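One structure is given here, and the rest of the page talks about it.
There are 4 protein chains.
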Amino acid sequence: MAETDFSDRQVQIINAAIKLIGEGGIQLLTTKNLAREVGVSEPALYRHFSNKVDLLRQVLTYLRSRIVQRLNEVAGSDLSPSEKLRELVIRQFTAFSNRPEVVVVLLSEGLYQNNNELSAFVFSIMQVSSSYYLKVIKDGQKTGEFRNDVTAERITFMIMGSMRFCVIQWHLSGFSYKLLPKGEELLDTFFTLLKS
Amino acid sequence: MAETDFSDRQVQIINAAIKLIGEGGIQLLTTKNLAREVGVSEPALYRHFSNKVDLLRQVLTYLRSRIVQRLNEVAGSDLSPSEKLRELVIRQFTAFSNRPEVVVVLLSEGLYQNNNELSAFVFSIMQVSSSYYLKVIKDGQKTGEFRNDVTAERITFMIMGSMRFCVIQWHLSGFSYKLLPKGEELLDTFFTLLKS
Amino acid sequence: MAETDFSDRQVQIINAAIKLIGEGGIQLLTTKNLAREVGVSEPALYRHFSNKVDLLRQVLTYLRSRIVQRLNEVAGSDLSPSEKLRELVIRQFTAFSNRPEVVVVLLSEGLYQNNNELSAFVFSIMQVSSSYYLKVIKDGQKTGEFRNDVTAERITFMIMGSMRFCVIQWHLSGFSYKLLPKGEELLDTFFTLLKS
Amino acid sequence: MAETDFSDRQVQIINAAIKLIGEGGIQLLTTKNLAREVGVSEPALYRHFSNKVDLLRQVLTYLRSRIVQRLNEVAGSDLSPSEKLRELVIRQFTAFSNRPEVVVVLLSEGLYQNNNELSAFVFSIMQVSSSYYLKVIKDGQKTGEFRNDVTAERITFMIMGSMRFCVIQWHLSGFSYKLLPKGEELLDTFFTLLKS
DNA sequence: CATGAATGAGGGTTCATTCAT
DNA sequence: GATGAATGAACCCTCATTCAT
């Protein structure tokens with residue numbers, strides 16, 4: 163897809179931006195800091211992005227493509243719905259563990275508050291993810307693995323909300339503990355509550 | 163408590179600050195905007211707050227005291243655990259509906275990312291709220307209203323997470339729909355899932 | 163003399179001002195700091211001084227009157243010129259030792275640079291002092307105690323310059339050593355060089 | 163030495179700063195005034211100096227290097243000690259005559275009072291100068307040109323003090339008379355008093 | 001005599017961005 | 001591609017001073 167066609171420099175800049183935001187929020191993402199991080203001059207950045215919003219757009223585009231790719235890998239597997247749910251959660255949390263900065267970029271919607279486009283972008287990433295979970299829950303309900311007396315939409319909603327809450331707390335703690343065990347706990351709760 | 167003793171002007175400034183943050187995030191909370199909003203000069207603000215961080219601290223203090231007050235009202239009532247849970251959710255969502263700006267201040271943790279103290283403050287507000295929900299769930303488990311095979315902590319976690327997610331989506335939508343029905347839906351889901 | 167008619171409050175403010183200047187130069191002498199130091203509100207200061215320049219004028223007036231008084235005590239004594247010289251130096255240095263802040267006020271002419279009147283005031287204090295030393299040197303030359311082949315004016319000039327230099331170094335050192343021994347050394351040098 | 167490697171713009175800014183301080187003390191050295199003087203915008207200054215203290219540091223560095231250069235020229239010459247003393251004084255006073263502003267920067271220690279580093283810097287410039295004079299006096303004592311019954315240190319002290327006093331008076335007078343004749347007078351006095 | 005509240009002017013500094021080279 | 005230099009706009013904050021009470 164064209165949207166994921168980034169030059170090496172662009173990817174380098176995107177990753178530097180993610181790192182900066184991860185370190186101290188969008189306030190740290192200044193052209194000066196970014197240039198220093200990348201090791202080029204400030205004007206040089208403008209060869210690769212037309213302005214700061216464009217940069218953030220590309221950061222989100224970049225992250226979305228990787229998330230979707232991960233979601234597709236799971237969705238395309240021949241696991242059972244329950245196993246897929248587990249896989250989705252574990253993979254997501256593993257990805258965050260490996261790169262906590264991404265949490266800040268993706269889960270701090272407030273950051274883009276004054277820019278509808280970017281907020282909408284973040285929202286869309288959230289909804290794309292949702293749709294995969296929804297599918298899995300629906301499948302699980304069809305197979306009878308998951309209870310049927312609550313709509314798949316509502317179940318998905320609770321799962322997404324819990325996951326986000328989990329990650330946000332981890333973030334607010336300064337990433338001071340391991341995220342994965344929390345994911346296991348969550349899954350445990352999910353399965354208990356969803357048992358039909 | 164003395165910490166909630168604000169002068170009229172201070173309350174006025176606090177509310178103006180909340181309004182500004184609500185409108186466009188912390189980026190909009192500049193001394194210039196704030197002064198304009200309050201209708202005084204910039205230096206005048208500094209008679210009432212020693213600096214911007216202090217202002218934010220007081221904003222959070224102010225909001226926390228109102229939240230705790232609301233929580234106490236419910237906790238102190240003689241409702242059943244189920245009814246209390248409903249009351250907590252409805253009141254919280256009603257409060258947000260009446261003043262959507264507060265959502266931005268309280269649920270956009272990222273806003274304070276570069277200030278540990280403020281982040282911790284927001285975190286603490288979250289945890290205070292949590293503790294009230296936890297108590298209610300525990301009570302409900304004792305009375306047998308809520309299922310017992312999942313710990314109260316985990317249930318609370320899911321409830322808080324779902325509520326937050328609900329509010330955040332509402333926020334990202336630009337407060338474009340009514341929040342309260344979503345709360346009712348949530349409660350409906352909770353009660354179905356928690357039935358013992 | 164009318165110029166030394168200060169109310170108690172005025173003296174209190176003057177001394178607070180001297181203390182502040184002593185601590186960190188004129189930059190520290192803000193109305194806010196001064197009010198805090200005195201223990202009154204900022205506007206209250208304006209009951210006693212019409213503005214900051216007026217305050218500084220009174221500070222200098224106050225200090226000049228005390229300096230002149232000290233000089234007169236020595237000049238009016240029936241000591242020999244040599245003894246008077248010694249007495250002048252020792253008393254001056256003793257006064258500075260007791261109140262190092264005054265050094266900053268009196269010997270940092272640069273502080274008043276942008277105000278001709280105050281600069282002139284400081285200059286006049288310097289010249290008043292000079293005149294007393296000059297008289298003593300002249301007397302000493304008449305009695306033959308001091309050499310005659312250099313004019314009293316030039317000798318006075320060297321004495322004043324050396325003393326100032328001595329005090330300024332003491333100041334730049336952060337008042338980290340005893341000033342009086344340096345005065346003794348100076349006197350020793352003077353007497354050796356001035357011996358006729 | 164690398165520390166004296168200033169770009170053209172930096173030198174231009176340094177000189178503008180010296181001019182401003184000369185005109186009205188450090189109070190006149192604002193970024194706004196400086197920018198106007200240099201003919202650039204305020205932010206432009208920050209490409210050449212990281213902040214105001216850094217600017218002052220560089221101003222002092224710049225002046226020190228020129229002073230030391232001048233001192234070395236004299237010290238390295240094959241003049242006699244007496245002639246060297248004369249040369250040191252005359253050159254110093256000539257330099258000040260050509261650029262009276264420098265006097266304000268170098269002899270108004272009070273200006274930097276609230277910044278230990280800068281005060282120490284000024285102090286060090288003073289001491290470097292001192293050391294050259296001391297050497298000359300010592301040499302003169304060895305050759306018998308200067309009297310021996312007062313230590314070279316004390317003599318140097320008196321010379322430095324007198325010179326400073328001379329320059330400060332000139333400054334306080336608003337540079338209203340010629341400095342050089344005063345230097346000649348001073349030298350005359352020195353030679354008379356130091357004759358062995 | 002004193003204060004709380006306020007203010008115009010101005011302080012140093014950082015921002016995203018542009019432009020000539 | 002990349003850079004050094006520059007800038008308008010804006011940032012938070014402090015100053016001496018005034019005024020109603």
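Protein chains in written order, with the numbering used here: chain A, 163 to 358; chain B, 163 to 358; chain C, 163 to 358; chain D, 163 to 358.
For glycine and all other residues, C-beta sits at the position ideal for the given N, C-alpha and C.
Computed from a prediction, not measured in an experiment: that's the story for all the values here.
Run the CB neighbour count on residue i, radius 10 Å, all protein chains shown included, and call it buried at 16 or more, exposed below.
{"i": "Gln220(A)", "result": "buried"}
{"i": "Glu275(A)", "result": "With the sequence shown as reference, residue 275(A) is identified as Gln, and Glu is not the correct amino acid for it. Buried."}
{"i": "Ala206(D)", "result": "exposed"}
{"i": "Glu271(D)", "result": "buried"}
{"i": "Gln359(A)", "result": "The shown model of chain A, from 163 to 358, leaves out residue 359(A), and the question about it has no answer."}
{"i": "Gly323(C)", "result": "buried"}
{"i": "Gly345(D)", "result": "buried"}
{"i": "Pro343(C)", "result": "exposed"}
{"i": "Val266(B)", "result": "buried"}
{"i": "Ala178(D)", "result": "buried"}
{"i": "Tyr339(D)", "result": "exposed"}
{"i": "Val290(C)", "result": "exposed"}
{"i": "Val264(A)", "result": "buried"}
{"i": "Val173(B)", "result": "exposed"}
Expressed to the nearest angstrom, what Euclidean distance is found between the alpha-carbon atoms of residue i and residue j?
{"i": "Leu182(D)", "j": "Thr192(D)", "result": "9 angstroms"}
{"i": "Arg232(A)", "j": "Ser293(A)", "result": "14 angstroms"}
{"i": "Val200(D)", "j": "Phe258(D)", "result": "23 angstroms"}
{"i": "Gly302(A)", "j": "Phe211(B)", "result": "55 angstroms"}
{"i": "Arg198(D)", "j": "Thr223(D)", "result": "23 angstroms"}
{"i": "Glu245(D)", "j": "Leu334(D)", "result": "30 angstroms"}
{"i": "Asn310(C)", "j": "Asp170(D)", "result": "54 angstroms"}
{"i": "Val202(A)", "j": "Ile175(A)", "result": "10 angstroms"}
{"i": "Leu190(C)", "j": "Leu196(C)", "result": "9 angstroms"}
{"i": "Phe285(B)", "j": "Asn213(D)", "result": "36 angstroms"}
{"i": "Asp350(A)", "j": "Ile321(B)", "result": "16 angstroms"}
{"i": "Val298(A)", "j": "Lys304(A)", "result": "10 angstroms"}
{"i": "Asn234(C)", "j": "Met325(D)", "result": "28 angstroms"}
{"i": "Glu249(A)", "j": "Leu296(A)", "result": "14 angstroms"}
{"i": "Leu241(B)", "j": "Ile317(A)", "result": "28 angstroms"}
{"i": "Leu341(B)", "j": "Gln331(B)", "result": "10 angstroms"}
{"i": "Gly336(B)", "j": "Asn260(B)", "result": "14 angstroms"}
{"i": "Leu356(A)", "j": "Leu356(B)", "result": "11 angstroms"}
Check this for me: beta carbons of residue i and residue j, under 8 angstroms apart or not?
{"i": "Val312(B)", "j": "Thr354(A)", "result": "yes"}
{"i": "Phe319(C)", "j": "Phe308(D)", "result": "no"}
{"i": "Val251(C)", "j": "Leu348(C)", "result": "yes"}
{"i": "Arg226(B)", "j": "Ile287(B)", "result": "yes"}
{"i": "Phe352(A)", "j": "Leu217(A)", "result": "no"}
{"i": "Phe262(C)", "j": "Gly184(C)", "result": "Checking the displayed sequence, the identity of residue 262(C) turns out to be Pro instead of Phe. Yes, Cβ-Cβ distance for Pro262(C) and Gly184(C) is below 8 angstroms."}
{"i": "Gly187(C)", "j": "Leu273(C)", "result": "yes"}
{"i": "Lys300(A)", "j": "Ala282(A)", "result": "no"}
{"i": "Leu269(C)", "j": "Val329(C)", "result": "yes"}
{"i": "Val215(A)", "j": "Asn278(A)", "result": "no"}
{"i": "Gly306(A)", "j": "Ser239(A)", "result": "no"}
Over the uninterrupted alpha helix (DSSP H) stretch that includes residue i, give me the two end residues.
{"i": "Lys357(D)", "result": "Premise fails: Lys357(D) is in no alpha helix (DSSP H) and is neither H nor E."}
{"i": "Tyr224(B)", "result": "214-237"}
Compute the minimum distance between the beta carbon of residue i and the heavy atoms of the ligand FMN, and state whether it is under 7 angstroms.
{"i": "Tyr208(C)", "result": "As presented, the structure is devoid of all ligands, the ligand FMN included, so that no description of it is given."}
Practice item. Would you list, in sequence order, the uninterrupted beta strand (DSSP E) runs of no fewer than 3 residues that lie entirely inside the segment 244-322 of chain C? Key: none
Check your understanding: Can you give, in chain order, each stretch of the alpha helix (DSSP H) that sits fully within the segment 165-203 of chain B and has at least 4 residues?
Key -> 170-186, 193-200
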